[in-house]
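S.K.:
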Amino acid sequence: MELISDWRSFRSLFYPRRRSLLQNQKQSTPVFVLVAEETIAAIYSESEDLSGWIGRTQAELSASEEMNGRKCVFLDRPSFDQWLFNATGMNHYQEQLESLRETATGALQEQQMMLSGAVLFKRHFVLDSLRGWWSKILPSAYGIYIRLDGQPGEDIFIFVRQGRLESYGRPDLSSLSSERCRDTESIIKYLAEKHMAPVQGFFLNAQEWSTWGTASQPWRKIALSIRSERVRLVPFRWGVVGLIAGRGFLTR
């Protein structure tokens, strides 16, 4: 595991936990069940405690009133253990997670008919873009610095090479003076020189970031936030603004 990867900071920004779900949200949220010899070894669904099912049988779960209408994803324990072992060779947690998702998606093809319409894995819109359209347009190597003001405040630097997330975490700014640490342009310049690649900074309120993450059209939200100056781009690049606006208003 690379020391340059700070999973806790990364998770808090890109995998925020919802405290509770409404009943209609629960119905559309899949339940992941790890089964060993027809016995439930582990069970998970976002923002729910289903631990009472551990030790009971797969048949009991499928026939229960509680799971009526729910999308249950059953995973074989020996196969899952092998997937975990294969993923340990990856550089960091996020890469391991993506590997597990891709392997699981392929293995679940037999359950696709039953799971029709269920969103099994929802990737954060920024991470989705890093693996998709951004990789075709942006430089082969670049960094993104995000600073959120508010309670709690957060900052993170992610570095992308060849369309792959190479490292992430809170940047070490200890070599900068306290005055330069307060200067956004100095921070971006330092990170760009350190990593020898262009860096784009986004400075905004934590609530604004949260709103983007839950929006059905997040890129449109970002474009509107830039126009209303609720987010600051450092440096301000018209190319980046055009890219975001195009993504937000020219796609559905």
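Using our numbering, you'd call the opening residue of the sequence shown number 30 and step up by one each time. Positions of the beta carbon are idealized from the N, C-alpha and C atoms, including for glycine.
1. Kindly confirm or deny that the stretch 57-64 and the stretch 84-96 touch, where touching means at least three C-beta pairs closer than 8 Å.
2. Roughly how many angstroms lie between the CA atoms of phenylalanine 103 and tyrosine 73, to the nearest whole one?
3. Determine which residues share a DSSP beta bridge with threonine 68 and list them.
4. Would you call the CB atoms of serine 158 and glutamine 191 closer than 7 Å?
5. Where does valine 263 sit, in a helix, a strand or coil, going by DSSP?
6. Taking the C-alpha atoms as reference points, what is the distance between arginine 99 and glutamate 222?
7. Rounding to the nearest angstrom, what Cα-Cα distance links glycine 161 and proline 45 in this structure?
8. Run through the stretch 153-184 for me and flag every whole beta strand (DSSP E) of 3 or more residues, listed as ranges in chain order.
9. Between threonine 233 and glutamate 66, what straight-line distance do the alpha-carbon atoms span, to the nearest angstrom?
10. Which stretch, first to last residue, makes up the beta strand (DSSP E) that contains tyrosine 197?
11. Does DSSP put aspartate 110 in a helix, in a strand, or in coil?
12. Excluding five sequence neighbours on each side, which residues of the same chain lie with their C-beta closer than 6 Å to the C-beta of phenylalanine 154?
13. Which residues in the same chain have their Cβ closer than 7 Å to the Cβ of histidine 224, if we skip the five residues on either side of it in sequence?
14. Could you tell me the distance, in whole angstroms, from the CA atom of glycine 84 to the CA atom of valine 263?
15. Hey, tyrosine 197 and phenylalanine 39: beta-carbon distance below 7 Å or not?
16. What did DSSP end up calling glycine 271 once you bin it into helix, strand or coil?
17. Name the DSSP bridge partner or partners of arginine 190?
18. Could you check where the beta strand (DSSP E) with glutamine 229 kicks off and where it finishes?
19. For arginine 266, which residues in the same chain have their Cβ closer than 8 Å to its Cβ, ignoring the five residues on either side in sequence?
20. Are there 16 or more other CB atoms within 10 angstroms of the CB of glycine 275, so buried, or fewer, so exposed?
M.R.: Straight from the coordinates:
1. yes
2. 11 Å
3. Ala65, Thr86
4. no
5. strand
6. 51 Å
7. 22 Å
8. 170-178
9. The sequence shown places leucine at residue 233, not threonine. Answer to the nearest angstrom: the Cα atoms are 50 Å apart.
10. 193-198
11. helix
12. Pro247
13. Gly172, Phe188
14. 53 Å
15. yes
16. helix
17. Ala170, Arg193
18. 228-234
19. Gln229
20. exposed
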